[in-house]
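Note that UniProt numbering has the sequence shown beginning at 1, numbered continuously upward. To start, the structure under review is shown below, and the notes come after it.
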Amino acid sequence: MSDQRSMPVPDGLEGDRLDAAIARMFGLSRTRAAELIVEGNVLVDGGVAAKSDRVQAGSWLDVTLPPPPSAPVPRPEPVPGLGIVYEDTDIIVVDKPVGVVAHPTVGWTGPSVLEGLLASGVQLTTSGAAERQGIVHRLDANTTGLMVLAKSEAAYSVLKRAFKERTVDKRYHTLVQGHPDPLRGTIDAPIDRHPSGDGRFAVVAGGRPSVTHYDTLEAFRAASLLEIKLETGRTHQIRVHMAAMRHPCVGDYLYGADPTLADRLGVQRQWLHAVRLGFEHPTEGRHMEFASRYPDDLAKAVDLLRED
Numbered sequence: 001m002s003d004q005r006s007m008p009v010p011d012g013l014e015g016d017r018l019d020a021a022i023a024r025m026f027g028l029s030r031t032r033a034a035e036l037i038v039e040g041n042v043l044v045d046g047g048v049a050a051k052s053d054r055v056q057a058g059s060w061l062d063v064t065l066p067p068p069p070s071a072p073v074p075r076p077e078p079v080p081g082l083g084i085v086y087e088d089t090d091i092i093v094v095d096k097p098v099g100v101v102a103h104p105t106v107g108w109t110g111p112s113v114l115e116g117l118l119a120s121g122v123q124l125t126t127s128g129a130a131e132r133q134g135i136v137h138r139l140d141a142n143t144t145g146l147m148v149l150a151k152s153e154a155a156y157s158v159l160k161r162a163f164k165e166r167t168v169d170k171r172y173h174t175l176v177q178g179h180p181d182p183l184r185g186t187i188d189a190p191i192d193r194h195p196s197g198d199g200r201f202a203v204v205a206g207g208r209p210s211v212t213h214y215d216t217l218e219a220f221r222a223a224s225l226l227e228i229k230l231e232t233g234r235t236h237q238i239r240v241h242m243a244a245m246r247h248p249c250v251g252d253y254l255y256g257a258d259p260t261l262a263d264r265l266g267v268q269r270q271w272l273h274a275v276r277l278g279f280e281h282p283t284e285g286r287h288m289e290f291a292s293r294y295p296d297d298l299a300k301a302v303d304l305l306r307e308d
């Protein structure tokens, strides 16, 4: 059911564009606010207005907000290239291919790890929201590598706590533009959604605490291969922190990567791979460690740099 809102324009928004004012008042992205206006779902003093119109304090707004999208229901869907590295009655460790999200999300129509495992007959715990069953951490769709999922209730609660308390050893390799200075260090900078509301994240004062340790493994003429150890696990954390240092991940156009370098190396997504994962088994207590080789596209890019 749609949500009808009626209220005056606050004094603090006097002179703002209508789309910017709607975005700020209702916590929407600027793009979504503009869509509402174009669709005729925003009236100013009873009349239709353009998204670029400037608002006046006290003008009366009638806004029809669409109902929030419902969470998608996971359905078994085979995922080519999804590798099972380890499995027992409590956990399953997978090697995630490119172009696959951890679980179904609103607006995503591609494959997910969760649905791929359901298609393989793997039964995950039903703890948590239905669309995220068994998920204790995530990788971006175009980040490849290791993920652990919970199959039992006990494993789910223990693993969730381990990730929250930062006792899981998560190691990534990333190819970044240029050469970080110093070659080894720690980035401690808070992350939150980018003020533009365009889906990016950014280093933002007052954001969530975020800590990334990096070490240069190999330096090339135009790029550096880094090992990353995450203390925290914020959305896009490595990509945001590397971009903030002015060394974005190669191929990461969302965060300012150079398309010329990516094209030369044949990289069509961010060069970022979850290469190692270490943790205590949630029910047996023994230490477990897993490693993943680079996918072909990432390995080829490094080979080309070594030939330079």
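Glycine included, each C-beta is placed from N, C-alpha and C at the ideal position.
Extent of the continuous alpha helix (DSSP H) to which residue i belongs
| i | result |
| --- | --- |
| residue 39 | Note, residue 39: premise wrong, no alpha helix (DSSP H); not H, not E. |
| residue 114 | 113-119 |
Helix, strand or coil at residue i according to DSSP, with G and I counted as helix
| i | result |
| --- | --- |
| residue 240 | helix |
| residue 269 | coil |
| residue 169 | strand |
| residue 10 | coil |
| residue 229 | strand |
| residue 77 | coil |
| residue 296 | helix |
| residue 307 | helix |
| residue 153 | helix |
| residue 261 | helix |
| residue 17 | strand |
| residue 126 | coil |
| residue 106 | coil |
Check whether residue i and residue j have beta carbons under 8 Å apart
| i | j | result |
| --- | --- | --- |
| residue 150 | residue 156 | yes |
| residue 106 | residue 72 | yes |
| residue 290 | residue 146 | yes |
| residue 334 | residue 235 | Nothing about residue 334 can be read from this structure; the chain reaches only from 1 to 308. |
| residue 56 | residue 115 | no |
| residue 139 | residue 133 | no |
| residue 167 | residue 274 | no |
| residue 37 | residue 28 | no |
| residue 101 | residue 108 | yes |
| residue 65 | residue 44 | no |
| residue 92 | residue 117 | yes |
Per DSSP, the bridge partner or partners of residue i
| i | result |
| --- | --- |
| residue 383 | The structure shown does not extend to residue 383, since the chain spans only 1 to 308, so no value can be given for it. |
| residue 291 | 276 |
| residue 4 | 64 |
| residue 47 | 44 |
| residue 93 | 86, 148 |
| residue 192 | 202 |
| residue 52 | DSSP lists no partner for residue 52. |
| residue 175 | 225 |
| residue 158 | DSSP output for residue 158 lists no bridge partner at all. |
| residue 208 | 191 |
| residue 101 | 112 |
Between the CA atoms of residue j and residue i - distance to the nearest angstrom
| i | j | result |
| --- | --- | --- |
| residue 294 | residue 174 | 10 Å |
| residue 244 | residue 121 | 42 Å |
| residue 180 | residue 6 | 51 Å |
| residue 9 | residue 46 | 13 Å |
| residue 206 | residue 16 | 25 Å |
| residue 12 | residue 199 | 25 Å |
| residue 83 | residue 301 | 22 Å |
| residue 24 | residue 32 | 11 Å |
| residue 137 | residue 170 | 11 Å |
| residue 232 | residue 211 | 6 Å |
| residue 226 | residue 208 | 24 Å |
| residue 296 | residue 282 | 32 Å |
| residue 304 | residue 265 | 7 Å |
| residue 270 | residue 286 | 34 Å |
Span of the beta strand (DSSP E), counted from its first residue to its last, around residue i
| i | result |
| --- | --- |
| residue 184 | 184-188 |
| residue 87 | 83-87 |
| residue 201 | 201-203 |
| residue 214 | 211-219 |
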